[in-house]
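Working notes, structure below.
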Amino acid sequence: MPVERIVIKGEHIYFEVGLGWFEGAEVYWPFPVILLFDNHVLVGECWTPAGGKLQGTYTDPLIVLDGLIFGLEEIITPGVSEHCCSRSRELAKDMGFNVAENSPISYASLAIQSEVFFERIGDSVKIHYYNGLLEGTDCPEYKGKHKGTVEVPLIEFGEDVLRVFGEYLERHYKRVEEVRQEAYGYNRMDEYKLYLKQYLEDLEDWKTLKEKLKVSENK
Numbered sequence: 000m001p002v003e004r005i006v007i008k009g010e011h012i013y014f015e016v017g018l019g020w021f022e023g024a025e026v027y028w029p030f031p032v033i034l035l036f037d038n039h040v041l042v043g044e045c046w047t048p049a050g051g052k053l054q055g056t057y058t059d060p061l062i063v064l065d066g067l068i069f070g071l072e073e074i075i076t077p078g079v080s081e082h083c084c085s086r087s088r089e090l091a092k093d094m095g096f097n098v099a100e101n102s103p104i105s106y107a108s109l110a111i112q113s114e115v116f117f118e119r120i121g122d123s124v125k126i127h128y129y130n131g132l133l134e135g136t137d138c139p140e141y142k143g144k145h146k147g148t149v150e151v152p153l154i155e156f157g158e159d160v161l162r163v164f165g166e167y168l169e170r171h172y173k174r175v176e177e178v179r180q181e182a183y184g185y186n187r188m189d190e191y192k193l194y195l196k197q198y199l200e201d202l203e204d205w206k207t208l209k210e211k212l213k214v215s216e217n218k
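Using numbering that gives the first Met the number 0, read the sequence shown as starting at 0 and increasing by one per residue.
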């Protein structure tokens, strides 16, 4: 039986969620999710016995979106907690990533063995990622592609994150929770208004930051 899927695309982001009941999934990790940044696989896995194609990793799509939106908030908020940055920076270094000493940086765990750091360097964002499930892949096209760094302009990063978050809330949130309830007897509909409030606040903050960036470019 074909799996129902939702797909949201930005300029750099590809976000896919498979909907239904899946053997091997759990109540709090219910759906297979793929997250790509410029075709780098932040969340997802590939195994030849399963068809040799990229497939989703079981997680909660809201965990993935939380990681993206929190990463954006952390790197654009003035006076971000140095304690938070310090811990994220040390962890990134421990994992072998080359990060600056005084840059805003945020850490997120998006799925099982999916670790991501968002680091702002001036007007760009570096996305440092480690995908442990892809490290052991037996699919030739993904061997050695479990870890890396993607760099995108800050403006494009923010636009993409908010586009994906907003489209998910507007077009897919309620459907995903309907399926979650049908498949696992549990849903997160009571959190919808909180996520919508967060999105609208982030959207306003982003508009303010974009205006500041435009003013800075014109000086």
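Beta carbons: idealized from backbone N, C-alpha and C, even for Gly.
For clarity, every value in this text was computed on a predicted model and none was experimentally measured.
Ranked by Cα distance from V32, the options G135, I5, P48 are led by I5. Where A182 is concerned, the enclosing alpha helix (DSSP H) starts and stops at 172–183. Our two residues, K146 and L208, have alpha carbons roughly 30 Å apart in a direct line. For E166, the enclosing alpha helix (DSSP H) has its first and last residue at 153–166. The three-state secondary structure of A107, taken from DSSP, is strand. Residue environment: Y128 is assigned as buried (16 or more neighbouring CB atoms within 10 Å of its CB, all protein chains considered). T136 counts as buried, since no fewer than 16 other beta carbons sit within 10 angstroms of its beta carbon. Check the Cα spacing between L109 and each of T58, G17, F164: the tightest is with T58. In this structure the segment 155–174 touches the segment 62–74; the number of beta carbon pairs closer than 8 Å is three or more. Between the alpha carbons of P103 and P1 lies a distance of about 43 Å. At a Cβ-Cβ threshold of 7 Å, S113 and E150 do not count as neighbours. When only Cα atoms are considered, Y185 and Y194 end up about 18 Å apart. Taking 8 Å as the upper bound for CB-CB distance, T47 and L132 are not in contact here, some 14 Å apart.
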